[in-house]
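K.L.:
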Amino acid sequence: QCIANCPTGALHERDDTERVFEAINDPEKVVIAQVAPAVRSSWAEMLDLGGKAPTPGRMVAAIRRLGFDYVFDTDFAADVTIMEEASELMARLAAGEEGPMFTSCCPGWVRFVKDRYPALAGKLSTTKSPQQIFGALAKTYYAQLLGVDPANIYVVSYMPCIAKKMEAAYPGMDSTGTGPDVDAVLTVRELTRQLRSRFVNVDLLEEEEFDRPLGVATGAGHIFGVTGGVMEAALRTAYFFATGENPDADAFHEVRHEGPERGWREKTFDLPGRQLKIAVASGLANADALCRALERGEARYDFVEIMACPGGCVGGGGQPIIEGINLSADRGCTLRIIDEQSELRFSHENPAVKACYDGFLGEPLSERAEELLHSDHAAWTMPLRVTAGGAVA
Ligand code: SF4
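So the UniProt record's numbering is basically just the index in the sequence shown, starting at one, shifted up by 187.
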């Protein structure tokens, strides 16, 4: 009953592992994996690495052993998301639009607000999620770089999330007219099954790097997987857009933990010429309370991040389940440490993102960027269900 009625679509689990192996075995296809931020914090929880550290480098090596032509990083696309979303925020503020702008990278939250608070759904950012931005760029920008027909590119997402299976099938997520931008979405549990079924000896693997250029990411992209991360990454770049200078990379660290007050954290930051009031919430009970406060006029914000799962994607419905243990806080710490140790911590400094804009997209919010990287939330209405074949109905 829960699965049938889940408002977020997060409980509709479907095993797509064999579909992916069929594509890998098809000699016509260039098969590309993208790996979401939170997957690197949990991918080895159900595997025996013989005491070795479950680093992102070993995760890349393991996924490559499944037979992919390229293993790329969704965090590259998270950096692109920030370029678009921070630009969208600055444009809305400059136009004097009434806030808040809501983040839109969590399909669980998008479905929730459309279903329960339709009057607020128009406040969603139009910027696509990193998963969908990756798919769109893989089948356009990268297809051009490779000189390959996009119809022959097959994109597989490894996600901590079940709702992402549904997001990939939404109307409008087909940038080239050749099929969905993301062909298959697998959870971390499905990744574990794939590695076991193909007898990948993860304990023997050395670290390997993501392929380039869509495997280059910054610390700002990595923290998308933990509550407050999208907000923090966006504020770093919004500050740069407003001043032409980088803030301290940790200047907005106060958004990292949700407050005890009302179930969400609120803060006010100074941007030159104005104050920016933000809120961060995770978990649908907290999202519900925040939406109710907004509708009643009891709260007012410029920018709001909401993730449907408690703690963000680190606590996602596609993560490994270990009876009686909640590992989301540990996974969140892992992502924070990866950010702190990253050479680059600002999305706008990602050299691969810069090259993509210079050579293909033009500028954030350009006509091509709007066409490929933004979506119309009004293109579909609730209820929307995904069928066993991956289509929406
Ligand atoms: Fe999916 Fe949960 Fe992350 Fe939302 S918070 S994108 S539902 S894993």
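Just so it is clear, CB atoms sit at the ideal spot from N, CA and C, and this is done for glycine as well.
Just reading off the beta strand (DSSP E) that E492 is part of, what are its end residues?
P.N.:
Locating residue 492 in the sequence shown gives position 305, counting from the first residue. Here the beta strand (DSSP E) through E492 covers F490 to M494.
K.L.:
Quick one: Cα of E530 to Cα of M569, how far?
P.N.:
Residue 530 sits at position 343 when you count from the first residue of the sequence shown. Residue 569 sits at position 382 when you count from the first residue of the sequence shown. Looking at the two C-alpha atoms, the distance is approximately 42 Å.
K.L.:
When the distance is taken between beta carbons, is M346 closer than 8 Å to Q318?
P.N.:
Residue mapping note: residue 318 aligns to position 131 of the sequence shown, counting from 1. Residue mapping note: residue 346 aligns to position 159 of the sequence shown, counting from 1. Contact flag set, yes.
K.L.:
So E275 is in the alpha helix (DSSP H); what residue range does that whole segment cover?
P.N.:
As a position in the sequence shown, residue 275 is number 88, starting the count at 1. E275 -> alpha helix (DSSP H) spans T261 to A281.
K.L.:
Does the beta carbon of A350 fall short of 7 Å from some heavy atom of ligand 1?
P.N.:
The sequence position of residue 350 within the sequence shown is 163, counting from 1. Flag set: Cβ of A350 near ligand 1.
K.L.:
For residue 602, count neighbouring Cβ atoms within 10 angstroms of its own Cβ and tell me buried if that reaches 16, exposed if not.
P.N.:
Nothing can be reported for residue 602: it is not among the residues displayed for the chain, which extend from 188 to 580.
K.L.:
Buried or exposed for G511, going by 16 or more other Cβ atoms inside 10 Å?
P.N.:
For the purposes of this step, residue 511 is taken as residue 324 along the sequence shown, with counting starting at 1. Its Cβ having fewer than 16 others within 10 Å, G511 is exposed.
K.L.:
Here's the rule: buried if 16 or more other CB atoms are within 10 angstroms of the residue's CB, otherwise exposed. What is G196?
P.N.:
What you label residue 196 is simply residue 9 of the sequence shown in a count that begins at 1. With a pLDDT of only 49 at G196, under the threshold of 50, the placement of this residue in the model should not be trusted, and no figure is reported.
K.L.:
Going by beta-carbon coordinates alone, are V218 and Y329 separated by less than 8 Å?
P.N.:
Walking along the sequence shown from the start, residue 218 turns up at place 31. Walking along the sequence shown from the start, residue 329 turns up at place 142. For V218 and Y329, no; Cβs fall outside 8 Å.
K.L.:
Between C293 and ligand 1, is the CB less than 7 Å from at least one heavy atom?
P.N.:
Taking the sequence shown and counting its residues from 1, the one referred to as residue 293 is at position 106. C293 has its CB nearer than 7 Å to a heavy atom of ligand 1.
K.L.:
How is V552 classed by DSSP in three states: helix, strand or coil?
P.N.:
For the purposes of this step, residue 552 is taken as residue 365 along the sequence shown, with counting starting at 1. It should be pointed out that residue 552 corresponds to Leu in this sequence rather than to Val. Residue state, collapsed to three classes: coil.
K.L.:
For A474, does the three-state DSSP call read helix, strand or coil?
P.N.:
Working through the sequence shown from its first residue, we reach residue 474 at position 287. Of the three classes helix, strand and coil, the one that applies to A474 here is helix, per DSSP.
K.L.:
So, for E453: in the same chain, excluding its five sequence neighbours on each side, which residues have a beta-carbon less than 6 Å away from its beta-carbon?
P.N.:
As a first step, residue 453 is located in the sequence shown; it is residue number 266 there, counting from the start. Here the set comprises A466.
K.L.:
Exposed or buried, which one is R376 when buried takes at least 16 other CB atoms within 10 Å?
P.N.:
Residue numbering aside, residue 376 sits at position 189 when the sequence shown is read from its first letter. Looking at its Cβ environment, which holds 16 or more other Cβ atoms inside 10 Å, R376 is buried.
K.L.:
T379 lies in the alpha helix (DSSP H); which residues open and close that run?
P.N.:
Working through the sequence shown from its first residue, we reach residue 379 at position 192. Its alpha helix (DSSP H) spans residues V375 to S384.
K.L.:
Taking the alpha-carbon positions, what's the A225 to C348 distance?
P.N.:
Indexing the sequence shown from 1 puts residue 225 at position 38. Indexing the sequence shown from 1 puts residue 348 at position 161. Whole-angstrom Cα-Cα distance: 9 Å.
K.L.:
With burial defined as no fewer than 16 other Cβ atoms inside 10 Å of the residue's Cβ, what is the status of R483: buried or exposed?
P.N.:
Along the sequence shown, read from residue 1 onward, the residue named residue 483 stands at position 296. By the 10 Å Cβ count, R483 comes out exposed.
K.L.:
For A468 and L477, what's the separation of their Cα atoms in angstroms?
P.N.:
Position 281 of the sequence shown, counted from the start, is the residue given in the question as residue 468. Position 290 of the sequence shown, counted from the start, is the residue given in the question as residue 477. So the two alpha carbons sit approximately 8 Å from each other.
K.L.:
Could you tell me how far apart the beta carbons of F411 and P287 are, in whole angstroms, since I believe they sit closer than 8 Å?
P.N.:
What you label residue 411 is simply residue 224 of the sequence shown in a count that begins at 1. What you label residue 287 is simply residue 100 of the sequence shown in a count that begins at 1. Rounded, the Cβ-Cβ distance is 19 Å, inconsistent with contact.
K.L.:
Among residues of its own chain, excluding the 5 on either side of E492, which ones have a beta-carbon nearer than 6 Å to its beta-carbon?
P.N.:
Stepping through the sequence shown from its first residue, residue 492 is reached at position 305. Correct list, in chain order: T290, V417, M418 and V467.
K.L.:
Is K454 helix, strand or coil when you go by DSSP?
P.N.:
Against the sequence shown, residue 454 aligns to sequence position 267. K454: strand per DSSP, three-state reduction.
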